[in-house]
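**Student:** Dropping a structure here in structure tokens format, bear with me for questions.
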Amino acid sequence: MNIVKRAVPELLRGMTNATPNIGLIKNKVVSFEAVGQLKKSFYKRQLPKQCLAFDSSLGKDVFLRALQEGRMENYFSLAQQMVTQNEPAFCGLGTLCMILNSLKVDPGRLWKGSWRWYDQYMLDCCRSLSDIEKDGVTLEEFSCLANCNGLRTITKCVKDVSFDEFRKDVISCSTIENKIMAISFCRKVLGQTGDGHFSPVGGFSESDNKILILDVARFKYPCYWVDLKLMYESMFPIDKASGQPRGYVLLEPMHIPLGVLTVGLNKYSWRNVSKHILQQAATVKNADNLAEILLSINQSSIPLIQERSNSSKSGDFEHFKECIRSTKTYHLFLKHTNTNVEYITMAFWAIFSLPMIQKALPKGVLEEIQSLLKEVEISEINTQLTALKKQLDSLTHCCKTDTGCCSSSCCKNT
């Protein structure tokens, strides 16, 4: 164990458990009696002239034309899942929750009673909910959250996208079922109050050249039509927090079961963990050394791999664990611990299958690792592992682009 004796205090930084904060989850409702004590409060905002109310006579006419053009293919599934963001800075979470339920993604965990269903407070795999409540999510964090929860994403920063490309993407997401656009924009460009905001795109009228925004801040603005060119321009203002413009994400179902297990790290703790592993990689002699490194990390922080909170286990889950117990990798860890050995084994496979980690390993150790990775070809293991690897890939990408598009200042201003 000499190789891992040194303390790893930096690993503890940012390792807040992803378990939802009960205090945060309680609805923050201001009583009628308390209203008089407030200095200032609002009941909705009037739409500016640049935006056409969806429920107005003209808005209904635009809807009819868009429907006849076949540009409202995802509207009805989205409309059935319309939500209001739970917190002033939860526009990203509200948008993603709405899209996940619209695309019929099974969260694999309980919502309430015996029902599995997405709720905004479940979306915490990249950052803690308490952090998100303060300043929202970035475009890359939004994409990371989507990937962690079973969606395939294409993230585009507007500075890299022409208007024609944006228009083609809008048409694509309006005509192809189960392909939805989430857009991050500056409200000020649309004549609205506030600044950065996320919402789903509900459709497009080609004859009117208007895009439908299903605003998740329903306490503030209703759904509305807005000129496509103006919507494009609304993504360009520089976000003060990042120095970058905003953008949009194209989302589709991944068609990979999420499984019971999930990565227990957020983007900050994963950055520290991967950095520590890379620093140690060049000095390891064998796979047993790597096992010791993972065990030291697992014991000094939250678990690398854990069960999803309130996860719903099928009868096959025990069989899945039995498959893991039959592998050499499992027995590699069993020499050192008998606590959650199945989960640390899955962490080993997920982490050491990453190309960036493999590149840092000595040749002999890499060959030994590759031999152990062949054990994941067992179908029961591979299904769960694929979802975990996707999560780590998303966290890695999110870390690399941490100062990229739309570093958050979401929804905070009235």
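Numbered by numbering that gives the first Met the number 0, the letters in the sequence shown go through residues 0 to 413 in order. Even for Gly, the Cβ is constructed at its ideal location relative to N, Cα and C. Every value quoted in this text rests on a predicted model; they were computed, and no experiment measured them.
#1: Looking at the strands, I want to know which residues DSSP matches up with residue 65.
#2: Where DSSP assigns a beta bridge to residue 224, which residues make up the other side?
#3: Under 8 Å Cβ to Cβ from residue 329, same chain only, skipping five residues before and after it: list those, please.
#4: Could you give the distance in angstroms between the alpha-carbon of residue 364 and the alpha-carbon of residue 170?
#5: Is there contact between the region 175–189 and the region 232–241, where contact requires at least three CB pairs shorter than 8 Å?
#6: Within a Cβ cutoff of 8 Å, which residues of the same chain sit near residue 237, ignoring the five residues on either side of it in sequence?
#7: Under 8 Å, with one C-beta from each stretch per pair, do the region 348–361 and the region 221–228 reach the 3-pair mark?
#8: If you follow the alpha helix (DSSP H) that residue 150 is part of, which residue opens it and which one closes it?
#9: So residue 178 and residue 251 are in contact, right, with Cβ under 8 Å, and what is the actual spacing, rounded?
#10: Assign residue 170 to one of three DSSP states: helix, strand, or coil.
#11: Compute the distance between the beta-carbons of residue 262 and residue 372, then report whether it is under 9 Å.
#12: Throw me the rounded Cβ distance for the residue 140 and residue 151 pair, which I believe falls under 8 Å.
#13: Return the CA-CA distance between residue 120 and residue 101, expressed in angstroms with no decimal places.
#14: Buried or exposed for residue 317, please, with buried defined as at least 16 other CB atoms from any protein chain shown within 10 angstroms of its CB.
#15: Taking the C-alpha atoms as reference points, what is the distance between residue 220 and residue 265?
#16: Tell me, please, whether the CB atom of residue 150 is closer than 9 Å to any CB atom in chain C?
#17: If you reduce the DSSP assignment to three classes, tell me which class residue 306 lands in.
#18: Checking 9 Å against the spacing of the C-beta atoms, do residue 99 and residue 117 come in under that value?
#19: In terms of residues, what are the limits of the alpha helix (DSSP H) holding residue 354?
#20: Quick one: measure Cβ to Cβ for residue 65 and residue 204, integer angstroms, because I've assumed they're closer than 8 Å.
#21: Closer than 8 Å by C-beta to residue 327: which residues in its own chain qualify, once you throw out the five before and the five after it? Chain order, please.
#22: Over what stretch of residues does the beta strand (DSSP E) that includes residue 181 continue unbroken?
#23: What residue from 193, 315 and 285 has the CA that sits closest to residue 43's CA?
#24: Contact between the region 81–101 and the region 206–224 is defined here as three or more beta-carbon pairs at a separation below 8 Å; is this criterion met?
#25: By the three-class DSSP mapping on this structure, what secondary structure does residue 88 have?
#26: Can you give, in chain order, each stretch of the alpha helix (DSSP H) that sits fully within the region 309–351 and has at least 4 residues?
#27: From the DSSP secondary-structure annotation, give me the bridge partner or partners of residue 142.
#28: If we ignore side chains and look at the alpha-carbon of each, how far apart do residue 53 and residue 208 end up?
#29: Please report how far the alpha carbon of residue 173 lies from the alpha carbon of residue 210, in whole angstroms.
#30: Going by DSSP in three states, residue 133 sits in which element: helix, strand or coil?
#31: May I have the straight-line CA-CA distance separating residue 200 from residue 287, to the nearest angstrom?
#32: Are the beta-carbon atoms of residue 104 and residue 146 separated by less than 9 Å?
#33: Residue 281 to residue 289, Cα distance in whole Å?
#34: Taking DSSP as the reference, what is the three-state secondary structure of residue 423?
#35: Threshold first: 4 residues or longer. Then list the alpha helix (DSSP H) segments lying entirely within the region 241–297, N to C.
#36: Use the C-beta contact count for residue 224: other C-beta atoms within 10 angstroms, 16 or more gives buried, fewer gives exposed.
**Tutor:** So, from the listed chains and residues:
#1: Locating residue 65 in the sequence shown gives position 66, counting from the first residue. Bridge partners of residue 65: none, in fact.
#2: Taking the sequence shown and counting its residues from 1, the one referred to as residue 224 is at position 225. Answer is 51 and 211.
#3: The residue labelled residue 329 in the question sits at position 330 within the sequence shown. So the qualifying residues of the chain are 323, 340, 341 and 344.
#4: As a working mapping, residue 364 is identified with position 365 in the sequence shown. As a working mapping, residue 170 is identified with position 171 in the sequence shown. Distance between the alpha carbons of residue 364 and residue 170: 50 Å.
#5: yes
#6: Walking along the sequence shown from the start, residue 237 turns up at place 238. Answer for residue 237: 243 and 244, listed in chain order.
#7: no
#8: Here residue 150 corresponds to residue number 151 of the sequence shown, with the count starting at 1. Residue 150 -> not in any alpha helix (DSSP H); beta strand (DSSP E) instead, spanning 150–156.
#9: Residue mapping note: residue 178 aligns to position 179 of the sequence shown, counting from 1. Residue mapping note: residue 251 aligns to position 252 of the sequence shown, counting from 1. Right, the Cβ-Cβ distance comes to about 5 Å (below 8 Å), so this counts as a contact.
#10: For this step, residue 170 is matched to residue 171 along the sequence shown. Helix, per DSSP.
#11: Here residue 262 is taken as the residue at index 263 of the sequence shown, counted from 1. Here residue 372 is taken as the residue at index 373 of the sequence shown, counted from 1. No, Cβ-Cβ distance for residue 262 and residue 372 is not below 9 Å.
#12: Position 141 of the sequence shown holds residue 140. Position 152 of the sequence shown holds residue 151. Actually they do not touch by this definition, with Cβ atoms about 17 Å apart.
#13: Taking the first residue of the sequence shown as position 1, residue 120 is located at position 121. Taking the first residue of the sequence shown as position 1, residue 101 is located at position 102. The alpha-carbon atoms of residue 120 and residue 101 are separated by roughly 17 Å.
#14: Counted from its first residue, the sequence shown places residue 317 at position 318. The residue is exposed, with fewer than 16 neighbouring Cβ atoms inside 10 Å.
#15: Walking along the sequence shown from the start, residue 220 turns up at place 221. Walking along the sequence shown from the start, residue 265 turns up at place 266. Rounded to whole angstroms, residue 220 to residue 265 spans 32 Å at the Cα level.
#16: Structure shown: chain C not included; a single protein chain is present.
#17: Looking up residue 306 in the sequence shown gives position 307. Strand.
#18: Taking the sequence shown and counting its residues from 1, one reaches residue 99 at position 100. Taking the sequence shown and counting its residues from 1, one reaches residue 117 at position 118. It is a contact, given that the beta carbons lie within the stated cut-off.
#19: As a first step, residue 354 must be located in the sequence shown, where it is residue number 355. From DSSP, the alpha helix (DSSP H) with residue 354 extends over 354–357.
#20: Indexing the sequence shown from 1 puts residue 65 at position 66. Indexing the sequence shown from 1 puts residue 204 at position 205. Their Cβ separation, rounded to whole angstroms, is 4 Å, which keeps residue 65 and residue 204 in contact under 8 Å.
#21: Translated into the one-based positions of the sequence shown, residue 327 becomes position 328. Correct list, in chain order: 371 and 374.
#22: Locating residue 181 in the sequence shown gives position 182, where the first residue counts as 1. Residue 181 -> beta strand (DSSP E) spans 179–185.
#23: What you label residue 43 is simply residue 44 of the sequence shown in a count that begins at 1. It is 193.
#24: yes
#25: Here residue 88 refers to the residue found at position 89 of the sequence shown. Residue 88: coil per DSSP, three-state reduction.
#26: 316–324, 327–333 and 340–351
#27: In the sequence shown, counting from the first residue as 1, residue 142 sits at position 143. Per DSSP, none; premise fails for residue 142.
#28: Looking up residue 53 in the sequence shown gives position 54. Looking up residue 208 in the sequence shown gives position 209. Between residue 53 and residue 208, the C-alpha separation is close to 15 Å.
#29: For the purposes of this step, residue 173 is taken as residue 174 along the sequence shown, with counting starting at 1. For the purposes of this step, residue 210 is taken as residue 211 along the sequence shown, with counting starting at 1. Answer to the nearest angstrom: the Cα atoms are 9 Å apart.
#30: Working through the sequence shown from its first residue, we reach residue 133 at position 134. Here residue 133 sits in helix by DSSP.
#31: Position 201 of the sequence shown, counting from 1, holds the residue named residue 200. Position 288 of the sequence shown, counting from 1, holds the residue named residue 287. Answer to the nearest angstrom: the Cα atoms are 50 Å apart.
#32: Translated into positions along the sequence shown, residue 104 becomes position 105. Translated into positions along the sequence shown, residue 146 becomes position 147. Contact flag unset, no.
#33: Reading the sequence shown from its first residue, position 282 is the one you call residue 281. Reading the sequence shown from its first residue, position 290 is the one you call residue 289. Each residue's Cα considered, the two are about 11 Å apart.
#34: The chain is shown from 0 up to 413; residue 423 falls before or after that span and cannot be answered.
#35: 266–280
#36: Taking the first residue of the sequence shown as position 1, residue 224 is located at position 225. Buried, because 16 or more other Cβ atoms sit within 10 Å of the Cβ of residue 224.
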